[in-house]
Amino acid sequence: MADIEQILGDLNKDSFVSLLKNIIGESKYVQNNPPELIPEEDRVVTHVWNSLLPYSTTTGGGPLIVNHVSYFPKRGNLIVEYPGTEPGKILSFVGMHMDVVTAHPSDWEFDPFSLSIDGEKLRGRGTTDCLGHVALVTELMKKLGETKLKLKSTVVAVFIANEENSSITGVGVDALVKDGLLNKLKGGPLFWIDTADKQPCIGTGGMIPWKLHFTGKLFHSGLPHKAINPLELGMEALKELQSRFYKDFPPHKEEQIYGFATPSTMKPTQWSYPGGGINQIPAECTISGDVRLTPFYSVNDVMNKLQEYVDEINENIEKLDTRGPVSKYVLPEENLRGSLTVTFNEVSSGVACDLKSRGFEVLCKATEKVVGHVKPYSITGTLPLIRELKDEGFDVQTAGYVVTKQEKQGTGIGVDQGGKNLNRSMGLMKDTSRSSHEGLMATYHAKNEYCLLSDMCEGYRIFSSIISQLEA
Numbered sequence: 001m002a003d004i005e006q007i008l009g010d011l012n013k014d015s016f017v018s019l020l021k022n023i024i025g026e027s028k029y030v031q032n033n034p035p036e037l038i039p040e041e042d043r044v045v046t047h048v049w050n051s052l053l054p055y056s057t058t059t060g061g062g063p064l065i066v067n068h069v070s071y072f073p074k075r076g077n078l079i080v081e082y083p084g085t086e087p088g089k090i091l092s093f094v095g096m097h098m099d100v101v102t103a104h105p106s107d108w109e110f111d112p113f114s115l116s117i118d119g120e121k122l123r124g125r126g127t128t129d130c131l132g133h134v135a136l137v138t139e140l141m142k143k144l145g146e147t148k149l150k151l152k153s154t155v156v157a158v159f160i161a162n163e164e165n166s167s168i169t170g171v172g173v174d175a176l177v178k179d180g181l182l183n184k185l186k187g188g189p190l191f192w193i194d195t196a197d198k199q200p201c202i203g204t205g206g207m208i209p210w211k212l213h214f215t216g217k218l219f220h221s222g223l224p225h226k227a228i229n230p231l232e233l234g235m236e237a238l239k240e241l242q243s244r245f246y247k248d249f250p251p252h253k254e255e256q257i258y259g260f261a262t263p264s265t266m267k268p269t270q271w272s273y274p275g276g277g278i279n280q281i282p283a284e285c286t287i288s289g290d291v292r293l294t295p296f297y298s299v300n301d302v303m304n305k306l307q308e309y310v311d312e313i314n315e316n317i318e319k320l321d322t323r324g325p326v327s328k329y330v331l332p333e334e335n336l337r338g339s340l341t342v343t344f345n346e347v348s349s350g351v352a353c354d355l356k357s358r359g360f361e362v363l364c365k366a367t368e369k370v371v372g373h374v375k376p377y378s379i380t381g382t383l384p385l386i387r388e389l390k391d392e393g394f395d396v397q398t399a400g401y402v403v404t405k406q407e408k409q410g411t412g413i414g415v416d417q418g419g420k421n422l423n424r425s426m427g428l429m430k431d432t433s434r435s436s437h438e439g440l441m442a443t444y445h446a447k448n449e450y451c452l453l454s455d456m457c458e459g460y461r462i463f464s465s466i467i468s469q470l471e472a
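Numbering-wise, the sequence shown is residues 1 to 472 according to UniProt numbering.
Okay, here's the thing in structure tokens:
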């Protein structure tokens, strides 16, 4: 329905930049890194509320129903509803979060806590993740309120608190879902607006943070035959664990369909030991890392397998490969055996969006129309909140409108005009989807963060197209 898109028009750049300037001005106070930094999302809520209030039922100036929901002082969520005429017909934009990761001004080339403009670049903490999207969706809802467009569908925007840190719960979307405040959104597509590159992100990974602790026997390095070297034990045991993991959890056939940049992986990222002299073989060490798991495998299955691997290595530790003629993990004369244990921190599961849903179809059509091509992609980064929503029965699709480098048409998934026939794109370029998508997220959570105004303009037009298509 082209008339809907014509009425909604283009993004009001001046209004958007003015609102974003106010919101970025609050970014210092919405950094989320407890216990030191507890965000006050209501500072952002105030600017969104003030922008929408003239078009709300609160003032009688318009149809927007604005509901501020808070579970902790100064940490509110905002639900904004534009009522449609057909009961039960609904679509929603969710996930625009009002907290940000920390920024250290001394590391930046400009002030992270105020909006600065450099040509097309809108610079400051939160411009990409996710205060830019907060301002963008606010402008969309404002335009709906201004035009009083007659729609069959109810359009809902949910601005949330507490996305960037999970150590404190019951603040944001998890609490809204628990209280049933989003239940009616199950009646239609839910678009989670908190990713990058203007393309649909259709798959994310699960994460299993693990810690392996290795125990040996401390001794002088000049007498290594009297020691059990936990560093060597750690290296060999980890090699065995990784070999077993990749055998039991190989690349899954669905990963090609979803265009995942990588299969499931297990790798170390940290190594620590208690300290000591260079001539001292330590008594213990710890290796930590994570498993990044595509959503076609169960995190519980992986954890059970890792524990099984560890138990089997402990039972047969004398069979583990050693390093050199005196390297050993057992000292029979002292009745000592090296050992390892595994523990896990908080885990999360990945998501595979429904590629047959109406939401996916309209998102792809809108993206192709506005951007010129559509290449959905998947990565093993985590978005645990959308997994929870999917488990609750929501039709979740994800997208975002921040591109920080020249966009490429990389490999991913080809979607026909109907959004239904999926196939691997071939011949567009030789890079993998990892090259074409990960680079576009270069300023996410980084210093010198910025978004492009032109990308936000395209995001607005995609939203308009989605609304228009769902009227059919």
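All C-beta atoms, glycine included, are put in the ideal place defined by N, C-alpha and C. Treat the numbers as computed from the prediction; the structure is a model and nothing was measured.
Can you list the beta strand (DSSP E) stretches of 3 or more residues lying completely in the stretch 177-218, in chain order?
-> 189-193, 201-204 and 206-215
Applying the criterion that 16 or more other CB atoms from any shown protein chain within 10 Å of the CB defines a buried residue, is G393 buried or exposed?
-> exposed
State the Cα-Cα distance for the pair F159 and N67, rounded to the nearest angstrom.
-> 10 angstroms
Taking 8 angstroms as the threshold, find out whether the stretch 52-64 comes into contact with the stretch 116-132 through three or more Cβ pairs.
-> no
Per DSSP, which residues does Y82 bridge with? Please list them.
-> V155
Expressed to the nearest angstrom, what Euclidean distance is found between the alpha-carbon atoms of G412 and D455?
-> Its pLDDT being 45, under 50, G412 is placed unreliably in this model, and the value from its coordinates should be taken loosely. If you take the alpha carbons of G412 and D455, they lie about 20 angstroms apart.
Using the Cα positions of N345 and G88, report the straight-line distance between them to the nearest angstrom.
-> 41 angstroms
Whole-angstrom C-beta distance between S288 and P268, which should lie under 8 angstroms | 7 angstroms
When burial is assigned at 16 or more other CB atoms within 10 Å of the CB, is A472 buried or exposed?
-> exposed
Candidates P282, K121 and V342: which alpha carbon is nearest Q307's?
-> V342
Straight-line gap, H53 to I24 (C-alpha atoms, nearest Å) | A small correction: the amino acid at residue 53 is Leu; His does not occupy that position in the sequence shown. Each residue's Cα considered, the two are about 20 angstroms apart.
Considering only residues of the same chain and omitting the five flanking positions on each side of K447, which have a CB-CB separation below 6 angstroms?
-> D107 and W108
Sorted by chain position, which residues of the same chain lie with C-beta nearer than 7 angstroms to L331's C-beta, five sequence neighbours on each side aside?
-> K217 and I228
Quick one: residues in its chain with C-beta nearer than 8 angstroms to the C-beta of L336, no 5 flanking neighbours on either side, listed in chain order?
-> K217, I228 and V330
Buried or exposed (CB count within 10 angstroms, at least 16 for buried), R424 | Note that R424 has pLDDT 27, beneath the 50 cutoff, so the model's placement of it is unreliable and the number below is only indicative. Under this definition R424 is an exposed residue.
Rank G145, D118, W271 and V155 by C-alpha distance to the C-alpha of T57 and give the top, closest one.
-> G145
For K186 and residue 523, the rounded distance between their alpha carbons | Outside the modelled stretch of the chain, which goes from 1 to 472, sits residue 523, for which no answer is possible.
Contact under 8 angstroms by Cβ, V101 with E164 = yes
Measure the C-alpha to C-alpha separation of V45 and L181 and round it to an integer number of angstroms.
-> 18 angstroms
beta-carbon L306 near the ligand HEM non-hydrogen atom, thresh 7 angstroms | For the ligand HEM, the structure offers nothing, since it holds no ligand at all.
Label Q6 either buried or exposed according to how many other C-beta atoms from any shown protein chain fall within 10 Å of its C-beta, with 16 as the threshold for buried.
-> exposed
Whole-number beta carbon distance between V302 and V310, since they are thought to touch under 8 angstroms | Not a contact, Cβ separation roughly 13 angstroms.
What does a CB cutoff of less than 7 angstroms around L37 pick up in its chain, not counting 5 residues either side in sequence?
-> Q31 and T102
Would you tell me roughly how many angstroms separate the C-alpha atoms of M141 and I257, rounded to the nearest one?
-> 35 angstroms
Any chance the stretch 271-286 sits against the stretch 230-249, with 3 or more Cβ pairs inside 8 angstroms?
-> yes
Pick out whichever of G350, S349, W210 and D395 has its Cα sitting closest to the Cα of residue 473.
-> Absent from the structure is residue 473, since the part of the chain shown begins at 1 and ends at 472.
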